[in-house]
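Enquirer: To start, I am sharing the structure in question, which I have written as structure tokens.
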Amino acid sequence: MRNLWYSFYFLVLGIISFYTGEIVTFIMLGFILLSLNNINATLKKNHKENTEEN
Numbered sequence: 260m261r262n263l264w265y266s267f268y269f270l271v272l273g274i275i276s277f278y279t280g281e282i283v284t285f286i287m288l289g290f291i292l293l294s295l296n297n298i299n300a301t302l303k304k305n306h307k308e309n310t311e312e313n
């Protein structure tokens with residue numbers, strides 16, 4: 260379900276960036292958001308593993 264919302268956000272941002280001519284900004288924002296999402300998922304996984312050990 261979460262991936263569906265991410266796809267929706269990217270679609271909306273993509274449409275807005277196409278009309279404003281900010282395609283490069285959209286691509287860089289996409290990379291940043293994907294990186295932050297991966298970092299967040301890794302931190303949650305590590306936290307879950309650490310709390311289960313204790």
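Residue numbers for the sequence shown follow this note's numbering, so the first one is 260 and each next one is one higher.
Idealized CB from N, CA, C, for every residue including glycine.
What you are looking at is a predicted structure, and each value in this text was computed from that prediction instead of being measured.
(1) Would you grab the beta carbon distance between L272 and F285 for me? Rounded to a whole angstrom, and I think it's under 8 Å.
(2) Is the Cβ-Cβ distance between E281 and I274 less than 9 Å?
(3) Shortest alpha-carbon distance to L288 belongs to which of N313, T310 and F269?
(4) Rounded to whole angstroms, what is the Cα-Cα separation between F277 and N262?
(5) Any idea what DSSP makes of E281, helix, strand or coil?
Expert: On the basis of the data shown:
(1) As a working mapping, residue 272 is identified with position 13 in the sequence shown. As a working mapping, residue 285 is identified with position 26 in the sequence shown. Sure, about 6 Å apart at Cβ, within 8 Å.
(2) For the purposes of this step, residue 281 is taken as residue 22 along the sequence shown, with counting starting at 1. For the purposes of this step, residue 274 is taken as residue 15 along the sequence shown, with counting starting at 1. No.
(3) Position 29 of the sequence shown, counted from the start, is the residue given in the question as residue 288. Of the candidates N313, T310 and F269, the one whose C-alpha sits nearest the C-alpha of L288 is F269.
(4) Counted from its first residue, the sequence shown places residue 277 at position 18. Counted from its first residue, the sequence shown places residue 262 at position 3. Taking the straight line joining both Cα atoms gives about 22 Å.
(5) Here residue 281 corresponds to residue number 22 of the sequence shown, with the count starting at 1. Here E281 sits in coil by DSSP.
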